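Report on one structure; see the data block that follows.
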Amino acid sequence: MRVFGLIVLILSACTAGLSAQEFIPRRQSKPPGPPLSPREAIARMQVPEGFSVELVASEPMIQNPVAMCFDEQGRIWITESFEYPRREPGPGRDRIKVLEDTNGDGQADKMTIFAEGLNIPSGIAVGHGGVWVGNAPDILFLQDTDGDLKADRREVIVTGFGRTDTHELPNSFTWGPDGWLYGLNGVFNYCHVNYSPGNPNYREGQPGWKFDAAIFRIHPRTREFQIFAEGTSNPWGIAFDNRGEMFLSACVIDHLWHITRGGYYHRQAGAYPPFTWKIESIVDYKHQLAAYCGIEHFDSEAYPEAYRNKLYMGNIHGNCINVDGLARQGASYKGVKHDDFLTANDVWFMPVSQKTGPEGCLYVLDWYDRYHCYQDANADPAGVDRGHGRLYRIRHLATPRPSPVVLEKQNEGGLLGSLGHSNQHIRNTARRLLQEILFEELLSTPQADGKDGGKTRRILSALAGMIRDDSLSATIHQGALSVLISAAALATSPELSELDAYLARHGNPEFRRAAIRMRSARADVSVGQSADADAPSASQQVLFDQLFEFARDESRDVLLQTAIATSSLHSTQARAELLLTVQSKAGDDELIPRIVWRRLEAVLAEQGSEAVIKALESHRASGFANLDRLLPRITERALAHPRTTPEQIGQLFSMFAIGTHPKLEVARQCLNFLAERIRNRELAGESLQQVRLQIDGAILEIVRDERHPLHRESVLLATSWKYPPALELAERWASDKTRPADGRVAAFDAVAAADESRGMRVLKEFLAAPQGLSPEQWRTALNSAGRMTDAALAQPVITAYPQFPPTLRPAVIDLLTQRKSWGNAFVAAVRGQQLSREDINATQLRRLLEIADEPLAAEIIGLWGKVRDQPQVDRQRAIARAQRIIRTIPGDPHRGILVYNRICGQCHKLHGEGADVGPDLTRNGRNNFAQLLSNVFDPNLVIGEAYQARTIVTEDGRVVTGLVAEDNEARVVLKLQGAKTVTIPRDEIEFMKISDVSLMPEQLETQMTEQELADLFMLLTLDKHPGDQAAVQLAGVRELETLETQDPLRYESLIVQLAPGFICNASGHRGIAWLAEFRGRRGVLRTHPVSPQQPCELVSKTQVPAGKQTRLLLEVASHPQADWQLRVVINGQPAITRPIADTGTPDSEWTTLELDLTPYAGQTITLSLQAHGLNRWNSEYAYWSQIDIQSTQPE
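Numbering-wise, the sequence shown is residues 0 to 1194 according to numbering that gives the first Met the number 0.
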């Protein structure tokens, strides 16, 4: 649900004050209409044959429900939010309710308010003596201490969750198989979480955790907080399958993810930590649209087998419940698409949570609102429906309604027996209750609490017996193992030690995986001190020996768990050896190497390269089998670490890059990494000389051997450190037109960084024949030229500029605006009319102004005027103008592809084509027509932090603007238009500024003809590629809704669609209307004189720009049976007075007028468009199809 360009929000003026039923909300194809009653809503729902939908609760019992859970008594806990989308923290009107069915008819008939005064309680879970609630900025623990089902004790566990995006707050609280409470946070909700003073883990001055998109967890007894994994988008929904594996649902990006501890997953937006190797989703298909909420792994005999062991996911925009199956793929999974389980056929249906109930049926919590998207809610908070909410149960008709199972902690035998129950809700609840018993006893002092540990011994003994009983099901075994592992995290016992050895030797990899988790579990939890803080080295050695056996296991599940468990070891050397051994056994698995790298990178960051180099030595004999994907990453990370010595770099390169038997592809990557760091000046001076001493001999030997497979890479590396024979050879390669163009550009990159005079010679040769390189090759070459400082570079670039195709010219201007000397030459060329001032965009002008001295800045302002920092009404007018063009000029989406490639494809992907800088437009920013127009023509309206551009000025005077791809203590990497990157060593940055405006330039409309604009939007408004016959157009492009109001407070919301900046205080008969069509025109504003004596006035205070030609354009009409008088008044003086009437001829239906406003240049004028009555007042409607103020450069 994010946006085209770099923003997230539609113009609020377009919808402010409108009734929600009068426009089309995002992701809906028509106005939503009135809400249905619960009975009507169920009647419309479609479910598979044999299923039915039952109402459990609805308004007024529940309203605006957000989250839900069940307790061990079968009661339903629901949070409500009336405050959404409020951003301010503090007390609110929101509540937690408890619903009960007291007569067994399947409907809730008793409601108790458990807690009030909350502010968007976005997550809830019951367990361990209380209720856990997400109430940003806090995670709360609420308790009922006197049994009246009212919260009377409140504890803040952690605090610091953001409220920057209130549809991405901490959510989906779910008890994991390990006894921890898991939750999610979204990518645009920025958090700095720390323990509250009342938390036993609180320490003064703790740094806390800074994050956005993340999966976190909290231990219910120790109150510890941990980040479990990071990435995705706006995740909302956690599910655990029967193996204890985690899955989550996400919005905008792919919908289904398998989550592994410590993994870093694809992000919707924002920079990744340096050296991240991201994990992708497990699906290669889509369901309807892209807003998913809630997920449940369903396994209950209440449904037929075909519906079990599936993931059920709410689809808000699709108004349905999607279904995904799971197929194993190595150590991970692959999603399998299934038919939808429920289709609501009601756009109000918003399934925010799905849970299995005590009867074994799927429950669906329905927020039930006309607004699906937070943009609509933020634009019109008053329009959010706050009076509805439903809870449904989907029941299979062939299944008798069983009595809910009530679980009790006092009944240990019943809980143990329930671990194999056919209803996953029952067995998961039993598991949690057993963990509560164990946690309470294991963390208690027997003398003080009067507990002798008897329950613990009985339960552990019973669980061990269940695990050893091979006749029991895998489900029972998994439940018993989960409880035992959670207990092992808190204490040791003879029973656990004995069982541990049994599991480690077991033939079932699930048991061996459990043995690893049991052995490393204690490191996960602090019991009064840092985990294993004083563990003797002997126990660490034992753990290492045990894990080393598992690191050579044949099961990829065991290998993955071993990689995860390495974080339990203190020794970086031990971790490195284990991780490389795991990877050597992992083969072509896609998940394991990414988890291995995440932990191996931590070793390199913590200790440098020594431990990893030592560990690699043991793999030399095998030729570093299965390590090919890790070796280049190890090299790149080692090169970036300040403690990596030249000797260690020499060791790495001699192992697999320049030794006797190099791994060629790995070697090429490693040589290129080293060359790139030298060219970026990240490795320079004495450090570079020391590195050369280690590898110089081998590299120069390869340089002299033209037949060596690494000759090219070695020449370019030696060029980077200015070895004369290599420099000569590289310049010759770059100038040789018979060589492949990619190779020529790579050689130029090396030469330009090493020797500017040689680089200038090559660049001039390139510029003499621009057609010799492809656009992509030119972008690379221009990026390389940016490293140069010679003022003489600008003139040959300017001379060649007309020969560049339009798609490349923005990249050329980017180069010319990176240094003051080049900027001076560029401005002089514009002044001398060698270049057009229309070719530079506002972003480039702002960048040039960052480094301009006073004379240059004055000249820039003289040529282009003041560069705005804030969006103004001209953007609204551009939107209205574009809307009229798109609706009146037929567009061709295939021609639109050419326009897209020229204007948008430099930064955005669409249907797989384009550059990866800004958001991928295939599923971002095109939710509806109004949003799309706003995103394209007013990109600075709101900018998400992840899309805020950074401008860097280097010590040698270069200025670069882009999005942060990497930011660490050593360097900053910016993504530029065209998906190119620039790496700048941090010690060369003079200053870095966060821009208040988007990297996406304003005034894109000036770069297109009207026909091109129509073509582009014909492409952008299709939901699929134009070659797909199933492609349909966004709602609101062609089909318009007629809106009418007699409320003066709502007039502006209609006027803004045609004439932004104008207001009206009074209109006569029937007020003001926005007509879908009138007399052949689409989108017409209708007004009426207030009375026979008083006109209807549209008034605007307008700044007429200096130095431009400005004109007012009007197109007006009258009712067929009436006339009216138009008066245009400027600063109180009439400028036009004219009757408007239909004389019966075709050309009299519409009157077009133009008024020159240039005489008022540099002034703010009051412009009044008046509709006066003439003869027949009741029918004297004024119809306006165009009200436009246009400014252009004088010819």
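In this text, a Cβ means the ideal position worked out from N, Cα and C, and glycines have one as well. Since we're looking at a predicted model, the values are computed, not measured.
{"Asked": "Starting from M1017, follow the alpha helix (DSSP H) in both directions and report where the run begins and ends.", "Found": "E1009 to L1019"}
{"Asked": "Could you spell out where the alpha helix (DSSP H) holding G413 opens and where it closes?", "Found": "E411 to S417"}
{"Asked": "Give the DSSP bridge partners of E1043, in chain order.", "Found": "A1072"}
{"Asked": "In terms of residues, what are the limits of the alpha helix (DSSP H) holding C669?", "Found": "L663 to R678"}
{"Asked": "Just grab the DSSP bridge partners of V192 for me.", "Found": "W208"}
{"Asked": "According to DSSP, is T455 part of a helix, a strand, or is it coil?", "Found": "helix"}
{"Asked": "Could you check what DSSP says for S566 in three-state terms: helix, strand or coil?", "Found": "helix"}
{"Asked": "Between which two residues does the alpha helix (DSSP H) harbouring Q843 extend?", "Found": "A841 to I850"}
{"Asked": "Can you tell me the Cα-Cα spacing of V251 and N233, whole angstroms?", "Found": "8 Å"}
{"Asked": "Does any C-beta atom of chain C lie closer than 8 Å to the C-beta of F672?", "Found": "The chain labelled as chain C is not found in the depicted structure, where only one protein chain is given."}
{"Asked": "Can you list, in chain order, the residues of its chain with a C-beta nearer than 6 Å to that of E1051? Leave out the 5 residues immediately preceding and following it.", "Found": "I1062"}
{"Asked": "Ignore the nearest five residues each way along the sequence and tell me which others in R220's own chain have a CB closer than 6 Å to its CB.", "Found": "F438 and L442"}
{"Asked": "Give the straight-line distance between the Cα atoms of W732 and T779, rounded to the nearest whole angstrom.", "Found": "16 Å"}
{"Asked": "Along the chain, where does the beta strand (DSSP E) containing E229 start, and where does it finish?", "Found": "F224 to T231"}
{"Asked": "In this structure, does DSSP put V251 in helix, strand or coil?", "Found": "coil"}
{"Asked": "With DSSP as the reference, identify every bridge partner of A1140, one or two as the case may be.", "Found": "D1122"}
{"Asked": "What span of residues does the alpha helix (DSSP H) with P723 cover, start to end?", "Found": "P723 to S734"}
{"Asked": "Using a Cβ distance threshold of 8 Å, determine whether the stretch 56 to 69 contacts the stretch 357 to 372, with at least three qualifying pairs required.", "Found": "yes"}
{"Asked": "Would you mind sorting L546 into buried or exposed? The rule is 16 or more other CB atoms within 10 Å of its CB.", "Found": "buried"}
{"Asked": "Which word fits N840, buried or exposed, when buried means at least 16 other C-beta atoms lie within 10 angstroms of its C-beta?", "Found": "buried"}
{"Asked": "Assign V602 to one of two classes, buried (16 or more other C-beta atoms within 10 Å of its C-beta) or exposed (fewer than that).", "Found": "buried"}
{"Asked": "Along the chain, where does the beta strand (DSSP E) that runs through E1114 open and close?", "Found": "Q1108 to S1117"}
{"Asked": "Mind reading off the beta-carbon distance from S719 to R678? Whole number of angstroms is fine, and I expect it under 8 Å.", "Found": "5 Å"}
{"Asked": "For T561, which of helix, strand or coil comes out of DSSP?", "Found": "helix"}
{"Asked": "Distance check for D1187 and I41, CA to CA, integer angstroms please.", "Found": "48 Å"}
{"Asked": "To the nearest whole angstrom, what separates the beta carbons of R574 and S57, a pair I think is in contact under 8 Å?", "Found": "Contact flag wrong, Cβ pair sits at about 54 Å."}
{"Asked": "Spatial neighbours of P1094 within its chain, please: C-beta separation below 6 Å, excluding the five flanking residues on both sides.", "Found": "P1088, Q1169, A1170 and H1171"}
{"Asked": "Taking its Cβ as the centre, do 16 or more other Cβ atoms sit within 10 Å of R874, making it buried, or is it exposed?", "Found": "buried"}
{"Asked": "Using only CA atoms, which one of R152, H265 and H254 lies nearest to N314?", "Found": "H254"}
{"Asked": "State the Cα-Cα distance for the pair A530 and P724, rounded to the nearest angstrom.", "Found": "Summary for A530: the model assigns pLDDT 40, below 50, so the residue's position carries little reliability, and this model does not support an answer."}
{"Asked": "Going straight from the alpha carbon of E1179 to that of H166, what length do you get?", "Found": "47 Å"}
{"Asked": "Quick one: is K1226 buried, meaning 16 or more other Cβ sit within 10 Å of its Cβ, or exposed?", "Found": "With the chain covering 0 to 1194 only, the question about residue 1226 has no answer from this structure."}
{"Asked": "Assign W235 to one of three DSSP states: helix, strand, or coil.", "Found": "coil"}
{"Asked": "If you count every other CB in all the chains shown that lies within 10 Å of the CB of G49, and 16 or more means buried, which is it?", "Found": "exposed"}
{"Asked": "Could you check how far apart the C-beta atoms of G197 and A228 are, in whole angstroms? I think they sit under 8 Å.", "Found": "No, G197 and A228 are not in contact; Cβ-Cβ is about 27 Å, not under 8 Å."}
{"Asked": "So, helix, strand or coil for R985, using DSSP?", "Found": "helix"}
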